[in-house]
Amino acid sequence: MEEVQMVQEDRSWKIEIVRYLKDAILPDDPVAAKRIKFKATRFTVIGNELYKRTINGPLLKCLDKERAEYVLKEIHEGSCGNHSGGRSLAQKVARQGYFWPTLVKDAAEFAKKCESCQRYAALIHSPATPMEPVRIVCPFDQWGIDIVGPFPQRSRKRSS
928 MEEVQMVQED RSWKIEIVRY LKDAILPDDP VAAKRIKFKA TRFTVIGNEL YKRTINGPLL
988 KCLDKERAEY VLKEIHEGSC GNHSGGRSLA QKVARQGYFW PTLVKDAAEF AKKCESCQRY
1048 AALIHSPATP MEPVRIVCPF DQWGIDIVGP FPQRSRKRSS
């Protein structure tokens, strides 16, 4: 039941905008109607498909949750996928001509959940706690020794 409700809520963002753009139907709530009018200025309908307008690029096809997951999977780990990170993945999806409201967040979550990325990614070598300088009041107040060795013996002598 929860899954069905989540899918219906996900599709509602497109349905309200399409209703307004095609048939000029707005919700009864004046605040929601104003919000839909404002959002609709950035979208257009071609056939039965909703597209997002961009400033200087092509129209981006608006996707629902199921299609969005498929597109993320194909771009991230498909035949030409390179297992890129969240931000890079979101940019690639937009360059391929797709849009949904939670694109950046979904791409970041998808990249974090990728098992191959977790298993084979480079380790981050950062200290467990932030480093802080040691404050010394006067010279030679604290001494430190670096211990190195043992060194292997050379097998032959150096010739001069």
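Heads up, this note's numbering is the position in the sequence shown plus 927, with the first residue counted as 1. Glycine included, each C-beta is placed from N, C-alpha and C at the ideal position.
In this structure, how does DSSP classify residue i when only helix, strand and coil are distinguished?
i	result
residue 934	Interpretation of residue 934 is limited by its pLDDT of 45, a score under 50 that renders its predicted location unreliable; the figure taken from the coordinates is listed afterwards. Helix, per DSSP.
residue 989	strand
residue 1067	coil
residue 1059	coil
residue 955	coil
residue 1073	coil
residue 1007	coil
residue 1083	coil
residue 1044	helix
residue 1053	coil
residue 1013	helix
residue 982	coil
Going by DSSP, which residues form a beta bridge with residue i?
i	result
residue 976	973
residue 1078	Looking at the DSSP assignment, residue 1078 forms no beta bridge with any residue, so it has no partner.
residue 1025	988
Can you give the Cα-Cα distance for residue i and residue j, rounded to whole angstroms?
i	j	result
residue 936	residue 984	Because residue 936 sits at a pLDDT of 48, beneath the cut-off of 50, its placement in the model cannot be relied upon, and the following sentence gives the value as read from the coordinates. Rounded to the nearest angstrom, the two C-alpha atoms are 29 Å apart.
residue 956	residue 1058	55 Å
residue 978	residue 940	13 Å
residue 967	residue 980	10 Å
residue 931	residue 1054	Low confidence applies to residue 931: its pLDDT is 49, below 50, so where it sits in the model is not reliable, and the reading given next is rough at best. Roughly 45 Å between the two C-alpha positions.
residue 1008	residue 1019	10 Å
residue 982	residue 1025	15 Å
residue 993	residue 1051	33 Å
residue 973	residue 1030	21 Å
residue 1041	residue 1028	21 Å
residue 963	residue 1046	43 Å
residue 1069	residue 1075	20 Å
residue 1094	residue 1077	Residue coverage of the chain in this structure runs from 928 to 1087, which leaves residue 1094 outside it and unanswerable.
residue 1017	residue 1032	9 Å
residue 934	residue 991	Confidence in residue 934 is poor, its pLDDT being 45 and thus under 50, which makes the residue's placement too unreliable to answer from.
residue 1048	residue 995	24 Å
residue 1060	residue 1066	15 Å
residue 1001	residue 951	36 Å
Is any non-hydrogen atom of the ligand SAM found closer than 7 Å to the C-beta of residue i, if you look at the structure I gave you?
i	result
residue 972	By its list of ligands, the structure shown contains no ligand whatsoever, and the ligand SAM lies outside what it can speak to.
Among the options, which residue has its Cα nearest to the Cα of residue i?
i	options	result
residue 998	1014, 1023, 1051	1023
residue 970	948, 960, 958, 959	948
residue 989	1047, 942, 1061, 1070	942
residue 1039	1056, 1073, 951, 1010	1010
residue 975	944, 1013, 1063	944
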